[in-house]
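Read top to bottom, the protein sequences are chains A, B, C, D, E and F. Note that the working numbering has the first sequence beginning at 1, numbered continuously upward. Note that the working numbering has the second sequence beginning at 1001, numbered continuously upward. Note that the working numbering has the third sequence beginning at 2001, numbered continuously upward. Note that the working numbering has the fourth sequence beginning at 3001, numbered continuously upward. Note that the working numbering has the fifth sequence beginning at 4001, numbered continuously upward. Note that the working numbering has the sixth sequence beginning at 5001, numbered continuously upward. Cβ coordinates follow ideal geometry from the N, Cα and C atoms, glycine included. Working notes, beginning with the structure itself.
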Amino acid sequence: MIEFQFDSLFNFLRMAPHGIYVWPVYGLGLLVIGGLAIWIRYQHRQAIRKIRRIMNRESIHEPKA
Amino acid sequence: MSVEHRFLVRELKLVLARPGDFFKPMWFLILVISMVPLALSPDSKLLGEIGSAMIWVATLLALLLNADQLFRDDFVDGVLEQWLFFNRPLFWLVILKLFCHWLFYVVPLILVTPLAGMMLSVPNDVMIALLVTLLLATPALTCFSALGAALTLGTARSGILGVLVMLPLFAPVIILAAGVLTRASDGSDILPLLALLGAFSIAAATLLPLAVGVALRLNIGGSS
Amino acid sequence: MSVEHRFLVRELKLVLARPGDFFKPMWFLILVISMVPLALSPDSKLLGEIGSAMIWVATLLALLLNADQLFRDDFVDGVLEQWLFFNRPLFWLVILKLFCHWLFYVVPLILVTPLAGMMLSVPNDVMIALLVTLLLATPALTCFSALGAALTLGTARSGILGVLVMLPLFAPVIILAAGVLTRASDGSDILPLLALLGAFSIAAATLLPLAVGVALRLNIGGSS
Amino acid sequence: MLIKPKTLQFQNLTCVRDDRCLFADLSMTLPPGSLLRVAGPNGAGKTTLLRILSALHEPDSGTVQIGEVEDHLESRQEILYLGHKPQVCQDLSIMDNLMFLTDASQAICFQALQFVGLKGCEDSLVRELSQGQGRRCGLARLWCHEVPIWILDEPYTALDPGMVAILEDRINIHVGEGGVCVFTTHQNPTNLRFETLELARVS
Amino acid sequence: MLIKPKTLQFQNLTCVRDDRCLFADLSMTLPPGSLLRVAGPNGAGKTTLLRILSALHEPDSGTVQIGEVEDHLESRQEILYLGHKPQVCQDLSIMDNLMFLTDASQAICFQALQFVGLKGCEDSLVRELSQGQGRRCGLARLWCHEVPIWILDEPYTALDPGMVAILEDRINIHVGEGGVCVFTTHQNPTNLRFETLELARVS
Amino acid sequence: MGWRWFHEWGSPKWFYDRAGRWQRVCGFLALALLLVGTLWGLGFAPADYQQGNSYRIIYLHVPVAFLAQALYVAMAVCAIVLFVWKMKLADVGMQALAVVGFGFTVLALFSGSIWGKPTWGTYWVWDARLTSMLILGFLYLGLIGLRSAIKNPDLAGKACAILVLVGVVNLPIIKYSVEWWSALHQPASFKLTEKPAMPASMWVPLLINLLGYYLVAAYLVLASMRTVILDRERGSAWVREVIERD
Ligand code: HEM
Ligand SMILES: Nc1ncnc2c1ncn2[C@@H]1O[C@H](COP(=O)(O)OP(=O)(O)OP(=O)(O)O)[C@@H](O)[C@H]1O
Ligand SMILES: Nc1ncnc2c1ncn2[C@@H]1O[C@H](COP(=O)(O)OP(=O)(O)OP(=O)(O)O)[C@@H](O)[C@H]1O
Ligand SMILES: [Mg+2]
Ligand SMILES: [Mg+2]
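Right, here's the structure in full:
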């Protein structure tokens, strides 16, 4: 019942007449979702870095604490 | 003097003190409408076809751009804080304010739309339908844009941010009005749609002042 | 650091500090453009016909609404007064300011117009002509609206007053641009009109900063 | 002018701003006739405290109570708050501004403007006044109101010495009548007897 | 910091506002090292005079001259003017504001912020500061500039006593180096030796 | 007992730790499901007899469009929780959901309009569903804009909650009116195709992908919530512990 619908990888990539529509859509999907994921990771790192900076500054100001 | 009395007197004085604010929306409307034939084509058939829609959009923009200033000056000068010390619930003051705004700035604007209609050769019966839709729709539009203005009070310099935030919510009103206009030019029955529009306005005018009040209090609390 | 350097750095920092201002005009453009079919009709043939004109008018409004804020904040905070103590002629500072404004706020706006064109199914060749006219016309429009903003600085709450004062002066620009667009959809030669538009912009960009400088000094002198 | 004396009390007020604790666990009872100066360097949190007392800002914890009413918001019409902002509209005349802010009659407003030295320019727009005259317009309310709790944030700002003396007299009268007044200033009041609440700058 | 001392002089200054003559025929020469306080009640015209001296306002008659240059506008970069308005942008950080207003290097700006007690919050937005901290940011310029003529309109506004003392020291140093300073205030400076120009309120 | 559970949910520290674990689970599951579903849909599902291969866009378009709407509803729930129980976490959730929801809306719009080119011959028509999706996108954008414009996070949260609630009351009205509007003018030919009876080999991958995208959304929302929590609680002791720990 489930079989590969295309006779070659090339045809799979060409996808008859609609390859230029289908692949960009999935590319865009990857871009948007991947972009979101990466951006969130980046924000997370930034947040951590910011807190580290604050902590460093405080430890310089008051070495006792 | 009662709070309401002082409030209304002040609004009246403000209109008198800032005649510019009174005339600006009308001026804007007429100017934008006269830009349309320049940018498009002086062909009066095409203009008549799209005219009523253009007037609607231009009136909407004129309204919105004015509403942006609803609370800003009073907020910056600290007068808005004083509202909280009046012996009245905030939403009631908001209703007063919005009613004054509608009466002093919106109604006059609606009254000049026939002039704009003439400039774009909109047929008479469509023009009448246009006037009625505007009168019925503007209370809702005023309330929505007041909410936008109140939400963005505390932001750096909001400018049209409040407008942008609220504009998508106007879609039903615009669509209903457009429906009325098309039907009016067909000559079919517009009453049911007008009733819907009126119902929407009444709902907005009763519910939104509460939200506006909450938004105002939030922003007053956040400022130092 | 030289005055120019400090000036440009500050403008850049302001853009970064107020990202809202950067995105607002584009957002406004797209919103207004998507309101047009709601108010008019979703028929893509009609939309395509009037699309380019609508985009022109909407872009113009987006520009104007942004330009209104050009000097206001700095005036209110008293930063504008300090311009006078820089070792540079005022019109030179105005040129810097306007150039930054054009680059940071106007050019990005122009870059999103193709999206608006797609939404109204404007044909491709007309869209290209539209882009070129916008690029050529906006320097002049920016200068004019800066003059409007500068003239109305001292008034109560100018809002869009400056815009309105200047809008009639835009008529030649709009007419030229409309000419280009009609010719582009006919397929006839648009170069001569584009050259005229460019010449107009160059003239405006050299002469108007002087006038803006004078207007600014007047308003600074009038405030206490 | 007769006021109904009220007690102002606050308990365990704490406020954190920008990750900095401005004050913690402040408690105080101000019976009728108290005059309290909130002192402290710039950025100590004086304005923040005064806004909390006026129900304009929410504390991170703690309560404020006026008279017997538990809910602070309910009794906020007993408060007169004067802040850093001028609280007058630039585009209206002095008289119009004053008439909006108080429920006093026109005659009383006239009198109040006379007290603050603005007689003769009742119809000038605030926009066309000097800094100090604008502040005076905001202060004129003190001569019209019959409100027991006054909260004044740097009322001396931009006032000349003559006006400062008049203002101090007015405060003394109010406190003498059983009113409560909480104020801040960086100048030294010469003619007032007050308690001081010192806020330190914790940085 | 070294400044080139300049003389500030004005002749026959007259100013009429709202049909009221604020001052008439004022003349004065301020050689290097002068410290002048312009005094007078609210609305006397102090701000107006200071703005005329800074070439921000045009007098109805009379001239102002700095050093040898006849044209006042030509020599306005010799002036540092601090007015009622904060002169800082609310949406930028303290450091960014300062770096725009002066041509000093970043190191000097840091130092200046240290002098006015804003060290540690260089990157805070002005919007998030208290009233006094905002004023301090505007004042920090006094520690970066090498400008001979200072014109300060109520520089003490909203400053706590500690900062007032620091400011007075700075003014004394500037005058000692041969600078000229014209200022107004309604508080009494404790640590300054100045001449006074009294403007009366003509109403 | 029940209340303690509720309280724990409101505690940022507890949530931060848990969310880290859930997030990882969601991420891996999502990756697996999407890989299976998408490959199946792209390569193994039979071509549509009408649309040919272009219909394979459905495996991204439909789940994403569905989620764009679902995330708005989730946001409205957060807004109500914020107002009724003053739970800070709800505000954090709202912030994360707005961004992710906007991303999905953009994706739905673009995938749909690319699909429109081969099927309708144009990228955009003013069809009811498209228009209401566009308006949804503007609503998301408004929320993001409002939040970024207000510096104080507490204030921003409450302001956004008001906007979300007004929006959620209005959404059905918008949807209804837009449908009615486009029925008024629109020639029927451009309506989105009614769901055809699909063979199982076509809809099973769709279902897998729907689940996959749900998990992706969960992953993104959780990750972004953790970031926001970290930023907002930067003054508290537990955040410093967490940071010193790793
Ligand atoms: C910008 C353009 C488009 C947008 C914004 C859009 C939006 C949507 C939305 C909101 C849904 C509903 C998802 C759900 O709740 O289940 C949907 C479903 C669907 N769309 Fe699109 N769409 C667009 C273009 C297209 C095109 C061009 C086609 C193909 C001809 C298409 C085919 C479908 C199908 C088959 C469904 C599922 C049917 C159903 O659940 O009713 N869409 N789309
Ligand atoms: N923008 C203006 N337009 C018209 N008149 C003004 C304006 N600003 C001030 N005036 C008038 O000029 C007079 C002097 O104002 P000025 O600001 O110079 O006073 P000042 O001495 O600085 O007072 P203060 O101590 O209150 O700051 C005032 O009486 C006022 O009426
Ligand atoms: N709008 C705001 N947003 C965030 N933080 C603020 C805001 N306003 C003030 N703060 C912070 O709160 C602290 C206290 O400010 P507040 O205005 O209460 O000080 P203050 O004691 O009145 O000072 P001043 O004497 O300068 O008026 C300041 O350090 C400031 O950093
Ligand atoms: Mg203060
Ligand atoms: Mg003055």
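With respect to the beta strand (DSSP E) encompassing residue i, which residues constitute its N-terminal and C-terminal limits?
i	result
M4028/E	R4020 to L4030
V4180/E	V4180 to T4184
C3015/D	L3008 to R3017
W3209/D	Not covered by the structure: residue 3209/D. The range shown for chain D is 3001 to 3203.
For residue i, count the other beta carbons within 10 Å of its own beta carbon; 16 or more makes it buried, fewer makes it exposed. Which is it?
i	result
W1083/B	buried
D3071/D	exposed
R4136/E	buried
V1126/B	buried
M1118/B	exposed
A2203/C	exposed
S5189/F	At S5189/F, the pLDDT of 46 sits below 50, so the modelled position is not reliable and the matter cannot be decided from this model.
Y5072/F	buried
P2192/C	exposed
L4199/E	buried
K3006/D	buried
Just curious, the alpha helix (DSSP H) that residue i is in, first and last residue?
i	result
G5103/F	K5088 to W5120
T1113/B	V1107 to M1119
G3033/D	Careful: G3033/D lies outside any alpha helix (DSSP H) and carries neither H nor E.
V2009/C	V2003 to A2017
V4959/F	The requested residue 4959/F does not occur in the structure, where chain F is confined to residues 5001 to 5246.
Q4133/E	Q4131 to L4139
I1174/B	A1171 to D1186
Establish whether the CB of residue i and some CB of chain B are separated by less than 7 Å.
i	result
I5174/F	yes
A2067/C	no
W5181/F	yes
Please report the Cβ distance between residue i and residue j, rounded to the nearest whole angstrom; I am assuming they are in contact, meaning their Cβ atoms lie under 8 Å.
i	j	result
F1075/B	L1153/B	5 Å
I4052/E	L4013/E	6 Å
A5079/F	V5164/F	4 Å
L1196/B	L1181/B	Not really, about 14 Å apart at Cβ, beyond 8 Å.
F4183/E	L4152/E	4 Å
A1039/B	A2178/C	5 Å
Tell me, please, whether the CB atom of residue i is closer than 7 Å to any CB atom in chain D?
i	result
F1085/B	yes
F4194/E	no
Can you find a C-beta in chain C that's less than 7 Å from the C-beta of residue i?
i	result
L5134/F	yes
M1026/B	no
A5079/F	no
W5126/F	yes
Quick one: is residue i near chain E, going by C-beta distance under 7 Å?
i	result
G3138/D	no
R2010/C	yes
A2017/C	yes
Under a CB-based cut-off of 7 Å, is residue i close to chain H?
i	result
A5159/F	This model lacks chain H altogether; the protein chains it does include are A, B, C, D, E and F.
Is there a Cβ of chain F sitting closer than 7 Å to that of residue i, yes or no?
i	result
G1966/C	This structure leaves residue 1966/C out entirely; chain C is present only between 2001 and 2224.
G1222/B	yes
**Q.** the stretch 3115-3127 of chain D in contact with the stretch 3156-3175 of chain D per 3-pair CB rule at 8 Å
**A.** As far as the Cβ criterion goes, the stretch 3115-3127 of chain D touches the stretch 3156-3175 of chain D, which means the pair count is three or higher.
Q) Okay, do the stretch 2141-2149 of chain C and the stretch 2090-2101 of chain C touch, 3+ Cβ pairs below 8 Å being the bar? A) Segment contact: the stretch 2141-2149 of chain C against the stretch 2090-2101 of chain C, three or more CB-CB distances shorter than 8 Å; contact assigned.
Q: For the stretch 5123-5143 of chain F and the stretch 5034-5047 of chain F, state whether three or more C-beta atom pairs, one from each stretch, are separated by less than 8 Å.
A: No: the two stretches stay apart, fewer than three of their Cβ pairs being nearer than 8 Å.
Q) At a cut of 8 Å, does the stretch 5140-5152 of chain F reach the stretch 1165-1172 of chain B through at least three beta carbon pairs? A) Taking a contact to require three or more Cβ pairs closer than 8 Å, the stretch 5140-5152 of chain F and the stretch 1165-1172 of chain B qualify as touching.
(Q) Would the stretch 2008-2016 of chain C count as touching the stretch 1101-1115 of chain B if we require 3 or more Cβ pairs under 8 Å? (A) The stretch 2008-2016 of chain C is not in contact with the stretch 1101-1115 of chain B.
Q.
Assess contact between the stretch 1048-1059 of chain B and the stretch 3019-3038 of chain D, defined as three or more Cβ pairs (one per stretch) separated by less than 8 Å. Is contact present?
A. Cβ pair count under 8 Å is below three, so no.
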